[in-house]
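Data first, discussion second: the structure below is written as structure tokens.
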């Protein structure tokens, strides 16, 4: 992953795109990419989408990951650290005994 | 990262949540999380948002990464492989000489 | 509807909010509201969501309409005119004989 | 507007699309359309977007309104009634004296 992060930053810098990559526009980009992924499932079941659109689904997921890495670079955080900290918070928000097998949000448990 | 991926999968399985994690609802979740990140920037500049909401911004970014990893697990792909392949495609879509310093989409270059 | 549009504009102006309502932030707001609506359906069927969350679903739909009206005011267009023009375009994009009973996008028909 | 609502319903029924229009997929569609609107503002100011993309912006706004009307039809509510009720709620959430000239959310006022 460290090697990929370097490649992603190099891709951006080779094109002189850092000037556009403020946090607000990167957040917009993450919403756009998430919706390009979601578009594959419009009017369809998961099964139908995955059968017909597997490569596009994988590409859009990759775009979300790439923009997440660019966002982390812009706000100068390490993705391992923020994931690790958020997992700890989620463990408290969703105690196993209350959330086991439940599709409810933490504030409804 | 490999260790974190295992922790994320264990977090899901400890709660017996795989039953809800079909690809369509995970794609919905990625859009929801991207918009929770984006909400921090509504009516604000990047600077104003980062000054006042840094921890929430980091947490929402982490949620996007966590759901991306859960999505990759559900469709049985390796995130390193799909990022690597997408970077290759982007290199072709955005040749350096045409896209240098430009904020245009590939189909407008 | 004309009376409601006036009330929406008055609500904004009573709070001196026009200063924040540039088109970009209104577009962000429409994505945020659409995702607050969508959140009601996360991990759930339409039936389950409508049974338990009917009032919130109606409120979020109303927010989307309210922001659409504020956006139209900001860019100085009449919503009747843009809907009417878009319906004409959609009629050409989706000819009845090709799109009848099909869930495909126009570029896949 | 009443006449346009009838045209929108007729457009759907002429294509036998009601079978796809469950509330969950319509909520997905609203998020997709909001993000197609938002894409016009990626990496750009409001001014730059409106100067170069005015017609597409108007068309995407129209699509959001069209899907909002289709959603209201699916859940059998009148758009005038839900807008009117939500405006009353917003008046309580955002009292003029607290929210005047402020870009804060109601829970931060």
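Chains as they are written, first to last, in my numbering: chain A, 1 to 109; chain B, 1 to 109; chain C, 1 to 109; chain D, 1 to 109.
For every residue, glycine included, the Cβ atom is placed at its ideal position computed from N, Cα and C.
Which residue marks the beginning of the alpha helix (DSSP H) containing residue i, and which one marks its end?
i	result
residue 20 (chain C)	Premise fails: residue 20 (chain C) is in no alpha helix (DSSP H) and is neither H nor E.
residue 67 (chain C)	46-75
residue 90 (chain C)	79-93
residue 11 (chain B)	2-14
residue 102 (chain B)	Unbroken run through residue 102 (chain B): none, as it is neither H nor E.
Taking C-alpha atoms, which residue in the options lies nearest to residue i?
i	options	result
residue 59 (chain D)	D:33, D:101, D:48 and D:43	D:33
residue 66 (chain B)	B:45, B:98, B:87 and B:31	B:31
residue 74 (chain A)	B:4, B:109, B:29 and B:61	B:61
residue 111 (chain D)	C:84, C:47 and C:76	There is no way to answer for residue 111 (chain D), as the model of chain D reaches only from 1 to 109.
residue 44 (chain B)	A:56, A:24 and A:41	A:24
residue 105 (chain D)	B:40, B:19, B:35 and B:6	B:40
residue 108 (chain D)	B:19, B:57, B:47 and B:53	B:53
residue 101 (chain C)	D:48, D:4, D:5 and D:19	D:19
residue 89 (chain B)	A:56, A:48 and A:87	A:56
residue 46 (chain C)	D:42, D:48 and D:28	D:28
residue 77 (chain A)	B:42, B:50 and B:87	B:50
residue 6 (chain B)	A:87, A:36 and A:6	A:87
Whose C-beta lies closer than 7 Å to the C-beta of residue i among residues of the same chain, with five residues either side of it excluded?
i	result
residue 70 (chain D)	8, 12, 21 and 26
residue 99 (chain A)	109
residue 48 (chain B)	none
Counting only the same chain and skipping the five closest in sequence on each side, list residues whose C-beta sits under 8 Å from that of residue i.
i	result
residue 68 (chain C)	30 and 79
residue 82 (chain C)	72
residue 36 (chain B)	60 and 63
residue 38 (chain D)	none
residue 10 (chain B)	none
Output needed for residue i: all residues of its chain with C-beta closer than 6 Å, excluding positions within five of it in sequence on either side, in chain order.
i	result
residue 63 (chain D)	33
residue 4 (chain C)	none
Is there contact between the segment 89-107 of chain A and the segment 11-28 of chain B, where contact requires at least three CB pairs shorter than 8 Å?
-> yes
Contact residues within the segment 18-39 of chain A, judged by C-beta distance below 7 Å to chain E = The structure shown contains no chain E; its protein chains are A, B, C and D.
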